[in-house]
């Protein structure tokens, strides 16, 4: 019990957008390529359906420029629950780094709640047995060019949905 | 737009208290703690600790999650990141450009 709570991370952001817009921004590649790590998601939105992320062209080029060739699929997993536009649960394994690829599948839950004039989006990542991935998604490796993890991705998602652009624009 | 100001107000207000900053540091050290665990680190009543946690929760800095019979508290860094992007980055840029202007001015004089 105590170990699982210590390996769980919870993030919440309030976004002035509809639940459907937030759902689309999480589950559709034309949205996910515009914020955060810019990976192209592919969800089969039913229990047992496949989940995978491939690198966008700019991300792949940037990575190659740094002398690092990306695998075709950079993240894989399986959909556990899909209740659009409220709740999405899927497993998650990072394949970009052999150390992380060797760690067990972790589990991500997105919950979208409609409030007055805005929605809350809560991301819970259960990271039992995956300390390398836990460090990456916590943003510990940001200074090494690994991005700011979930907090950064959610901030960019908020900015994109509320203003139509991201920080880098 | 007013809504955004309110959000920032709540975060700054929540951070303007040493006990609440201490609670955030405790969660930064180890996330997902119960009220009992957090309270044991503070020199105040359970009621006092709950009050501070409620302020942190209202500001979005702490998110709670049920696990069986327990309510666990998690540090949510997103509001701090948003304040950083909104305020800190902006003034850093201004400082840098002010220094750049100073340099130009000084070099022109010599």
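Chains as they are written, first to last, in our numbering: chain A, 2 to 170; chain B, 50 to 159. Backbone N, C-alpha and C define an ideal beta-carbon position, used for all residues, glycine too. Predicted, not measured: the structure shown is a model, and the values here were computed from it.
is_contact[residue i, chain B] using C-beta, thresh 8 Å
| i | result |
| --- | --- |
| residue 13 (chain A) | yes |
| residue 7 (chain A) | yes |
| residue 128 (chain A) | no |
| residue 89 (chain A) | no |
| residue 155 (chain A) | yes |
| residue 125 (chain A) | yes |
| residue 20 (chain A) | no |
| residue 152 (chain A) | yes |
| residue 164 (chain A) | no |
is_contact[residue i, chain A] using C-beta, thresh 8 Å
| i | result |
| --- | --- |
| residue 123 (chain B) | yes |
| residue 104 (chain B) | no |
| residue 78 (chain B) | no |
| residue 131 (chain B) | yes |
| residue 70 (chain B) | no |
| residue 60 (chain B) | no |
| residue 114 (chain B) | yes |
| residue 55 (chain B) | no |
| residue 152 (chain B) | no |
Alpha-carbon to alpha-carbon, residue j and residue i
| i | j | result |
| --- | --- | --- |
| residue 70 (chain B) | residue 141 (chain A) | 20 Å |
| residue 26 (chain A) | residue 32 (chain A) | 5 Å |
| residue 19 (chain A) | residue 86 (chain B) | 37 Å |
| residue 131 (chain A) | residue 76 (chain A) | 14 Å |
| residue 140 (chain B) | residue 153 (chain A) | 20 Å |
| residue 82 (chain A) | residue 153 (chain B) | 60 Å |
| residue 76 (chain B) | residue 118 (chain B) | 20 Å |
| residue 60 (chain A) | residue 135 (chain B) | 26 Å |
| residue 115 (chain B) | residue 103 (chain B) | 15 Å |
| residue 150 (chain A) | residue 52 (chain A) | 19 Å |
| residue 78 (chain B) | residue 157 (chain B) | 51 Å |
| residue 70 (chain A) | residue 50 (chain A) | 28 Å |
| residue 24 (chain A) | residue 64 (chain A) | 28 Å |
| residue 92 (chain B) | residue 68 (chain B) | 10 Å |
| residue 111 (chain A) | residue 90 (chain A) | 6 Å |
| residue 41 (chain A) | residue 29 (chain A) | 8 Å |
| residue 173 (chain A) | residue 56 (chain A) | Any question about residue 173 (chain A) goes unanswered here, given that chain A covers just 2 to 170. |
| residue 83 (chain B) | residue 94 (chain B) | 15 Å |
| residue 96 (chain B) | residue 39 (chain A) | 45 Å |
Best match in the options for proximity to residue i [C-alpha to C-alpha]
| i | options | result |
| --- | --- | --- |
| residue 108 (chain A) | A:127, A:135, A:131 | A:127 |
| residue 132 (chain B) | A:7, A:160, A:165 | A:160 |
| residue 43 (chain A) | A:125, A:121, A:73, A:15 | A:73 |
| residue 10 (chain A) | B:126, B:91, B:63, B:74 | B:126 |
| residue 15 (chain A) | A:120, A:158, A:98, A:150 | A:120 |
| residue 67 (chain A) | A:147, A:12, A:138 | A:147 |
| residue 99 (chain A) | A:123, A:36, A:133 | A:133 |
| residue 21 (chain A) | A:45, A:88, A:7, A:38 | A:88 |
| residue 62 (chain B) | B:101, B:150, B:84, B:97 | B:101 |
| residue 122 (chain A) | A:92, A:106, A:155, A:78 | A:155 |
Residue i CB to nearest heavy atom of the ligand PLP below 7 Å
| i | result |
| --- | --- |
| residue 83 (chain A) | In the structure on display, the ligand PLP does not appear, and there are no ligands present to speak of. |
Neighbour list for residue i in chain A, Cβ cutoff strictly below 8 Å
| i | result |
| --- | --- |
| residue 95 (chain B) | Going along chain A, no residue has its Cβ under 8 Å from residue 95 (chain B), so there is no contact; the nearest lies around 20 Å. |
Same chain only: Cβ atoms within 8 Å of residue i, ignoring 5 sequence neighbours per side
| i | result |
| --- | --- |
| residue 128 (chain B) | 56, 60, 108, 109, 110 |
| residue 102 (chain A) | 94, 95, 96 |
| residue 47 (chain A) | 80, 83 |
Neighbouring residues, chain B, relative to residue i (Cβ below 8 Å)
| i | result |
| --- | --- |
| residue 10 (chain A) | 80, 123 |
Own chain residues within Cβ distance below 7 Å of residue i, not counting five before or after
| i | result |
| --- | --- |
| residue 90 (chain B) | 75 |
| residue 139 (chain A) | 10, 150 |
| residue 113 (chain A) | 20, 23, 24, 86, 87, 120, 122 |
Residues of its chain near residue i, where Cβ-Cβ distance is below 6 Å and the 5 sequence neighbours each way are ignored
| i | result |
| --- | --- |
| residue 123 (chain B) | 80, 81, 112 |
| residue 125 (chain A) | 11, 110 |
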